[in-house]
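In terms of numbering that gives the first Met the number 0, the sequence shown opens at residue 0 and continues consecutively.
Notes to accompany the following structure.
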Amino acid sequence: MPDVAGSVGVRPGDGGEDARHAFQGKPWPGPVRAPATIIDVNPTPAQLVAHLAATGRRPTALVGDWFGHAAVVAVDCAPRPVTGRGGSAFSLDDGPPSPTSTTPDDSAEAWTFGWLPYSGTAFSAETRDVLFYDAAAEDAGPAAGAWSVAPGASPELAVALPALLADAAASALPEDPVIAWDDGDRAAHERGVLDCLDAIRAGDVYQACLSTRFHGTVTPPDVVAGATTATSPSAAVEAPAPNPTVYAAAGWWARRVAKHSPVRGAFLAGIDGDGRDIVVASLSPEEFLVRDGDTVRESPIKGTVPLSADPAELAASEKDVAENIMIVDLVRHDLGQVAVTGGVRVTGLLAVRPAPGVWHLVSEVTATLPERLAHADLIDACFPPASVTGTPKIRAAELISEWEPVARGVHCGGVGAAVGGRLELNVAIRTAEFRGPAPLLDDADAAAEGAGAPITVGVGVGGGITIDSDPAAEWDEILAKAAPLIGPDLLGRRAPLQ
């Protein structure tokens, strides 16, 4: 585990009643004691997120490769709507970050977690109660890593953590929620592809990203409020009742993380301005902005074939290669607006990489930034991400709003975190947006809304359209991308449109 001055590395097995009281938010009974380091059971990040949701928390988690860790988890952190320009969601004071590179392990600064939707209001929240997970060697097993507490976290969290981890490791993942999905609007998507091809022939755009949306109604799995297993050391401690929307979304996300091991995933359980629950659960493989001090990179994805295909086909595809290179040029332009003169470089081109259900073509563009450039200024120069708009960017975005019958919401926006001079955002593709029912304030509201109003979920899926695109093939690509999120039976819906 990391040996970092100011942080506390822990394995579950100590903490006792005082620790459990601390985690439940009760008055602290006496002096804070540092937890012992004990090698015992150890939960995966997915297990921890699911357990936190089952005990009434609103966890935020970044899993995979974020900020040099295998996971970054905020125990109880609810992003809320942010006013002002979009990029300010990750620069809450709208001021410049530290001029020097700052890593999470040597900074006690607060973390800002959130998302910036393609259409709609940005959400963010600030916290210092953050945990890091660092994986062991690959052959040591999925639960052989180590958890540590961020330097700026509360002492109570450090003491509570061993019991919390023991509880999480002893708890099974929630059942996958039952979701009744629609079939998507294939006819509208294929019409959009044809409209895009007309625009390309007319010279309006060279290529554009066209999305569709799948909608579902969620039946949450049954849960006993605060339930823990019989072997849990804190089984006797009462926990808050779980939030149905957060719990259902956590079960959905945790099971897919466990199955697909995404390179980068994210889970954020927010609260909308009207009190409605909104959870962003992402398996996106695409980096949007990864900044460390004065260096930033974008890694646009363009080009896709099913995982069952030969990846060499993707590397040899003239259509996909051309699409990727056009977006690389657009990324260079976006970063060039804020980079130092001559500071933009293409550092990777046309790598074939796997993602859940598909192979992708991935490139990389790196830029050197001026000293003390605010995160908000960087985001605003590059948002929305180049790969989900088109070329030229402004005209493509205008036409996309005409071709797509439903607003994208979180889909194709950005999701991630910032701390000090570091910022990491993913493009919100392969991402589900869960929404709870509106809060019922009194009996009259309940009568008007009806009992048991549903939890809904939406998944946006898109692909790049070029002059060589075929509408039916584009729909097949949509299904291949959506299948890991919605279910493999989706791939059976490839019959020609009647």
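No residue lacks a Cβ here, since even glycine has one placed at the ideal position from N, Cα and C.
These numbers come from a predicted model, not from an experiment.
Just grab the DSSP bridge partners of residue i for me.
i	result
G413	L115 and V426
C76	None; C76 has no bridge partner.
S386	Its beta-bridge partners do not exist; DSSP assigns none.
I454	V217
W358	V304 and P353
R434	I277 and T455
C208	G463
L288	L424
I270	D276
E363	G347
V71	L61 and F131
W110	T126 and V418
R200	Looking at the DSSP assignment, R200 forms no beta bridge with any residue, so it has no partner.
G517	Nothing about residue 517 can be reported from this structure: the residues present for the chain run from 0 to 497 only.
E297	V364
Please classify residue i as buried or exposed, where buried requires at least 16 other C-beta atoms within 10 Å of its C-beta.
i	result
R57	buried
A450	Because the pLDDT at A450 is just 48, under 50, the model does not fix this residue reliably, and the value given afterwards should be weighed accordingly. Per the 10 Å Cβ criterion, exposed.
D442	Below a pLDDT of 50, predicted positions are generally treated as unreliable, and D442, at 49, falls in that range; the measurement from the model is reported next regardless. Classification for D442: exposed.
T465	buried
Q336	exposed
D499	Residue coverage of the chain in this structure runs from 0 to 497, which leaves residue 499 outside it and unanswerable.
T294	exposed
P98	With a pLDDT of only 42 at P98, under 50, the local geometry of the prediction cannot be trusted, and the value read off the model is given with reservation. The residue in question, P98, is exposed, as its Cβ has fewer than 16 Cβ neighbours within 10 Å.
A35	In this predicted model, A35 has a pLDDT of only 34, less than 50, meaning its place in the structure is not dependable; the value taken from the coordinates is given anyway. A35 comes out exposed.
A311	exposed
S123	buried
A406	exposed
I485	buried
P161	buried
K480	buried
S147	buried
S362	buried
P470	buried
V236	The predicted position of V236 is uncertain, since its pLDDT is 45 and thus under 50; no value can be drawn from it.
D273	exposed
R290	buried
S87	buried
R200	exposed
A77	buried
K258	exposed
S298	buried
V223	For V223, the pLDDT reaches just 44, beneath the cut-off of 50, and the residue's location in the model is therefore unreliable, although a value from the coordinates is still provided. Label assigned to V223: exposed.
D166	buried
T82	exposed
D128	buried
P44	buried
Relative to the C-alpha of residue i, which residue among the options is closest?
i	options	result
H359	S281, D488, N323 and G435	N323
V456	A416, P176, A149 and I464	P176
A264	S316, T465, A253 and S400	Going by the sequence as given, residue 264 is Gly instead of Ala. Checking every option, the nearest Cα to that of G264 belongs to A253.
G292	T365, E174 and S281	T365
I454	L313, P78, V278 and G67	V278
A416	A109, D133, V48 and A49	A109
K505	T59, S468, I199 and A121	Look at the range of the chain in this structure, 0 to 497, and you will see that residue 505 is not part of it.
M325	E370, Y117, T126 and S386	S386
D75	D64, L163 and H68	L163
R275	P487, F66, P438 and R407	P438
A134	C195, A152, D184 and N41	N41
F433	I485, A280 and S298	A280
P369	A350, G420 and A354	G420
G413	P384, R394, K392 and A395	P384
P150	D166, L130 and D309	L130
S400	R290, A159, N242 and T211	T211
A107	D475, V418 and G463	V418
S170	Y132, L348, Q46 and I477	Q46
R185	G55, A70, T54 and L209	L209
R371	T346, A338 and S153	A338
L306	L348, R352, L334 and D328	R352
L193	E403, P487 and V460	E403
I178	V458, Q206, A472 and W474	V458
T388	Y117, A354 and T43	Y117
E476	A308, H374, A159 and V256	A308
Say whether chain C places a C-beta atom closer than 8 angstroms to the C-beta of residue i.
i	result
A73	The displayed structure is made up of one protein chain only, and chain C is not part of it.
contact_flag[the segment 326–345, the segment 236–253] where n(CB pairs < 8 angstroms) is 3 or more: Contact fails: fewer than three Cβ-Cβ distances are below 8 angstroms.
The segment 378–387 touching the segment 179–194, judged by at least three CB pairs closer than 8 angstroms: The segment 378–387 vs the segment 179–194: no contact.
At least three beta-carbon pairs within less than 8 angstroms, the segment 420–434 to the segment 275–286: Judged by Cβ distances under 8 angstroms, the segment 420–434 makes contact with the segment 275–286, as three or more pairs qualify.
Stretch pair the segment 110–125 + the segment 266–277: three plus CB contacts closer than 8 angstroms: The segment 110–125, when compared against the segment 266–277, does touch it at the 8 angstroms Cβ threshold.
Uninterrupted alpha helix (DSSP H) stretches inside the segment 151–197 (no shorter than 4 residues): List check, alpha helix (DSSP H) in window: 154–168.
Three or more C-beta pairs below 8 angstroms linking the segment 213–221 and the segment 386–397: Verdict: no, contact absent.
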